[in-house]
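Chains as they are written, first to last, in the working numbering: chain A, 3 to 261; chain B, 3 to 261; chain C, 3 to 261; chain D, 3 to 261.
Virtual Cβ for every residue (Gly too), placed ideally from N, Cα, C.
The block underneath contains the structure these notes are about, expressed in structure tokens.
Number of protein chains: 4
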Amino acid sequence: SNNFFLLAGPCAIEGEEMAMRIAEKAVAITDKLQIPYVFKGSFKKANRSRIDSFTGIGDEKALKILRKVSETFNVPTVTDIHEISDAEMAAEYVDVLQIPAFLVRQTDLVVAAANTGKTINLKKGQFMSPESMQHAVQKVLDCGNEQAVITDRGTMFGYQDMIVDFRGIPTMKQYAPVVLDVTHSLQQPNQSSGVTGGRPEMIGTIAKAGIAAGVNGLFMETHFDPANAKSDGANMLHLDLLENLLNQLIAIRQTINNF
Amino acid sequence: SNNFFLLAGPCAIEGEEMAMRIAEKAVAITDKLQIPYVFKGSFKKANRSRIDSFTGIGDEKALKILRKVSETFNVPTVTDIHEISDAEMAAEYVDVLQIPAFLVRQTDLVVAAANTGKTINLKKGQFMSPESMQHAVQKVLDCGNEQAVITDRGTMFGYQDMIVDFRGIPTMKQYAPVVLDVTHSLQQPNQSSGVTGGRPEMIGTIAKAGIAAGVNGLFMETHFDPANAKSDGANMLHLDLLENLLNQLIAIRQTINNF
Amino acid sequence: SNNFFLLAGPCAIEGEEMAMRIAEKAVAITDKLQIPYVFKGSFKKANRSRIDSFTGIGDEKALKILRKVSETFNVPTVTDIHEISDAEMAAEYVDVLQIPAFLVRQTDLVVAAANTGKTINLKKGQFMSPESMQHAVQKVLDCGNEQAVITDRGTMFGYQDMIVDFRGIPTMKQYAPVVLDVTHSLQQPNQSSGVTGGRPEMIGTIAKAGIAAGVNGLFMETHFDPANAKSDGANMLHLDLLENLLNQLIAIRQTINNF
Amino acid sequence: SNNFFLLAGPCAIEGEEMAMRIAEKAVAITDKLQIPYVFKGSFKKANRSRIDSFTGIGDEKALKILRKVSETFNVPTVTDIHEISDAEMAAEYVDVLQIPAFLVRQTDLVVAAANTGKTINLKKGQFMSPESMQHAVQKVLDCGNEQAVITDRGTMFGYQDMIVDFRGIPTMKQYAPVVLDVTHSLQQPNQSSGVTGGRPEMIGTIAKAGIAAGVNGLFMETHFDPANAKSDGANMLHLDLLENLLNQLIAIRQTINNF
């Protein structure tokens, strides 16, 4: 369909019911709109600011929910890994292994992921230039794995802000398909509370600009109740807003497909 | 026509022939595409890195060329001013007075410009947040002049790079119509040569993203021979590329007009 | 004495009494400590965020106060200029003309200042690299004026913060004597109030680091009542703290003089 | 002795001979100067830009060399860990476990390190504010380990540069003893070569400023042949320059000890 693809779901797998509920709605919408869809959910939150932040319901329990989502709705799934030993474990349950932005310089982790043969979603470090992602992709290729994807989730701008550098989109498309993470790139880190803030009212602006700039896919965290999500509530898209946003994005995509 | 408007022209008025040649082509294209057009040209380059950089052909001589462009092609014109005394002088020749980004915090200059009653194009300082432009607009309004426009020309990112913060577009539209300067925002300042660099290959990417993000207008410097322009050659759009780019941008604009 | 020199005084000349009171105390302290001293005061505040900010008591009135300070206490004075026409006017009253950071790229202003033959204090733009200040100094030299000084007042870091890049000190000393402005470099611009904030509790830290890094001079704004100063109150040093701080800085300076 | 302490050594343990040679000289100098000294060496380089960068000689082999240095010269040692499983392994050989800057947000890694009971050196993320390091220290304290140290290795400034924010020193001293890493904070990342650059000529400037600003310790990589070191050669201090630099730093420290 020459459409963009979508990685979307909750930040963390908080339980089976919430995962299935989000997946069901996202699948219904993306089926209708003919958007290739990958269900996203973290089985563990390993890099929280504070030790008392929610970190997960148990690794295998969460991974089994991801598998159930995949089997029930016949969609691929993506989750992020943090340790070398996570790579093989997660690869048994999901289709795409994601390397978090903070960890994308950890060669051993990238290599362990690449060696599973799964698609590898490399998040651009908030401290990395678009050009430097070429080296991250090369590490995957050097393992004989040609399924690398790059996701931009914004770049540090001062201590408490992030900016998306749209020049990075054509730059990184030279190395691999490029996804724009429209919810994390609106985070506002290093807040005095120790809880990352965000600007979810800007999701539509960044997503439209990203599609116009030619991204291959979009990544967004979505929840039916962002205010009560156990993590990243400050910058998720409410699930009820997803269909209308995707409709607009498809219209822009169809326009630029003609160029 | 509910289209975006366009401020475009050479960086500096180098002479009558080049100004007329650029204006003629830009007018022909924008007439055909029904894009409201303002011819842009600087009558003086006051903030060059090096003392031996080109600064102009003479103030009145350049301003008279701007007037001739206006009269010949029946288009409004815009030029930038640098001193309080420039305001009244330039106001006799052009329709829009532009406050350069470095100078937008100079209250006396903004007030002098506003008091001419002309439309005032306030360039966002490379060191200013989108939110802080509210105060610049307010200075114009406080003079009883309601014709303020804001132009974003990028934000400093490290010493040698600029980034466009697309979150600023909806933010600044709360204060005034917003223009995206797609050529200056691709500058790369503080180069060791003392001559600002640029990335003109990214003009299309930034322009498309800007239209999708909802800007009211675009600003771009264009020349039939950028490599030999006397200033900003590193980031101007070649005039031969203008029509095709505008066609694409109109298609995106028509798409988002339906949202 | 091989000591550092000091440019200090209030932000703005608010009146004769306050100027004389600050000068008297600063002169007494610096005489005692054998620190070459220049009284600093702005005769006009031209670049305020908001139109309702205090801008001055009248240009000539303020300049005459600067002259009176100079004659009464036998000290040189420095003030900042914002327009070409300010250069000659201010040069009749003060010894050092200062080019504000936002304006240091305005060639005509730098040239007008340099042509007065006075010492020129070039503030590094918040958006400029240390290396690029070489071009600003060169503009002064090209006028036949060899009395250029560079003052670093911090570099933009995100929208609401500034950082001093200490690598710039040895870099810029290759071009001219280098002064560290320890109060402005602690500003926090673009605050939502429209009034610049600051972190005056860090003045000692930055000043000590600057002396250790080899600056030739220091610049600081000081007032006997910062909370009620008409501008920059958020980051001035209380006059009562000046002597103790200078004592510490002299001790560090004497130490590094032995290296 | 109320002196600062020093963490220094090569970037990577390339072999026993080089480690012993560097240790011998560093121990001799710091003994003479009464500087508490910790030998630093990485047993593995896990976060290189490129897959073909040097990563180590074998984990246990390198750790045994660290133990030999410790036993031979009777000095504590520090090494950095990258995976949870590294914590216990490294803790058998060294006295201080260091959490790399990219990884300091990984809660599980910090907790695994803290639970060994060793001193934990937390490197401030290049993307973190000084204030946010409070949460990292708290994670160590929450494990019942009160031996946390914070090391500042600079903050991202644009894509290809780092700056030390000296305001962070007094800020972070509220949470734990603060070390300034004077060699890594001079790195220039994201270079087009894929190999991080540096500015080693600035080591003295940053070190002196750090001591004057009140750091508790310094961290620096040093080698008798930086140009041929297998990693970080671009920003190490030549071992022959160490004694003279330390002499200067002690003089500044003794001066500020009197304040």
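Residue-level contact to chain C via CB, residue i, 8 Å cutoff
i         : result
ASP167(A) : no
THR207(D) : yes
THR198(D) : no
MET158(B) : yes
SER134(B) : yes
ILE152(D) : no
SER44(B)  : no
Neighbour-count burial assignment, residue i, 16 or more Cβ in a 10 Å radius
i         : result
LEU188(D) : buried
LEU8(D)   : buried
LYS34(A)  : exposed
GLY127(D) : buried
GLU223(A) : buried
SER233(A) : buried
LEU243(A) : exposed
LYS63(A)  : exposed
PHE129(B) : buried
ALA236(D) : buried
ASN49(D)  : buried
ALA229(B) : exposed
GLY200(B) : buried
ASN260(B) : exposed
Any non-hydrogen atom of the ligand PLP within 7 Å of residue i CB
i        : result
ASP33(D) : Absence of the ligand PLP is noted for the structure shown, with no ligands found whatsoever.
is_contact[residue i, chain F] using C-beta, thresh 8 Å
i         : result
PRO202(B) : Although the question refers to chain F, the structure presented lacks it and instead comprises the protein chains A, B, C and D.
Close-in-space but distant-in-sequence residues of the same chain around residue i (CB under 8 Å, 5 per side omitted)
i         : result
THR173(C) : PRO132 and GLU133
ALA214(A) : ILE254 and ILE258
PHE262(C) : There is no way to answer for residue 262(C), as the model of chain C reaches only from 3 to 261.
Interface flag, residue i vs chain B, CB-CB below 8 Å
i         : result
TYR161(C) : yes
PHE129(A) : no
PRO191(A) : no
ILE31(A)  : no
Neighbouring residues, chain C, relative to residue i (Cβ below 9 Å)
i        : result
ARG52(B) : THR109, HIS137, GLN140 and LYS141
Beta-carbon contacts of residue i that lie in its chain and below 6 Å, excluding the five residues immediately before and after
i         : result
ILE83(A)  : ALA89, ALA92 and LEU99
SER194(C) : none
ILE37(B)  : ASN5 and LEU8
TYR161(C) : ASN192
ASN218(B) : PRO179 and VAL180
LEU248(C) : LEU35
GLU245(B) : ILE31
Beta bridge counterpart(s) of residue i as assigned by DSSP
i         : result
PHE7(A)   : GLY219(A)
TYR39(A)  : LEU8(A)
LEU99(B)  : THR81(B) and ILE122(B)
HIS240(A) : HIS225(A)
GLN189(B) : GLY200(B)
MET158(C) : MET164(C)
ASP183(B) : PHE221(B)
THR153(D) : LYS125(D) and VAL181(D)
Neighbour list for residue i in chain B, Cβ cutoff strictly below 9 Å
i         : result
ALA48(C)  : ARG107, GLN108, THR109, ASP110 and LEU111
THR57(C)  : THR109 and ASP110
ASP144(C) : ILE53 and ASP54
Cutoff 7 Å; reference residue i; Cβ partners in own chain excluding five residues on either side
i         : result
GLY17(A)  : ILE59
ALA211(C) : PHE168
ILE252(C) : ASN5 and LEU35
ARG69(B)  : TYR95
Interface residues of chain D facing residue i [CB-CB closer than 7 Å]
i         : result
GLN250(C) : PHE261
ILE122(C) : Going along chain D, no residue has its Cβ under 7 Å from ILE122(C), so there is no contact; the nearest lies around 25 Å.
Contact list for residue i against chain C, beta-carbon separation under 7 Å
i         : result
ALA211(D) : PHE168, ALA211, ALA214 and ALA215
THR257(D) : ALA253, ILE254 and THR257
Chain D residues whose Cβ lies nearer than 8 Å to that of residue i
i       : result
HIS1(A) : Since the first and last residues shown for chain A are 3 and 261, residue 1(A) lies out of range.
C-beta neighbour in chain D for residue i, strict 8 Å
i         : result
MET238(A) : no
Neighbouring residues, chain D, relative to residue i (Cβ below 9 Å)
i        : result
GLU90(A) : Per Cβ cutoff of 9 Å: no residues; GLU90(A) is ~14 Å from chain D at best.
Minimum Cβ-Cβ distance from residue i to chain A less than 8 Å
i         : result
SER195(D) : no
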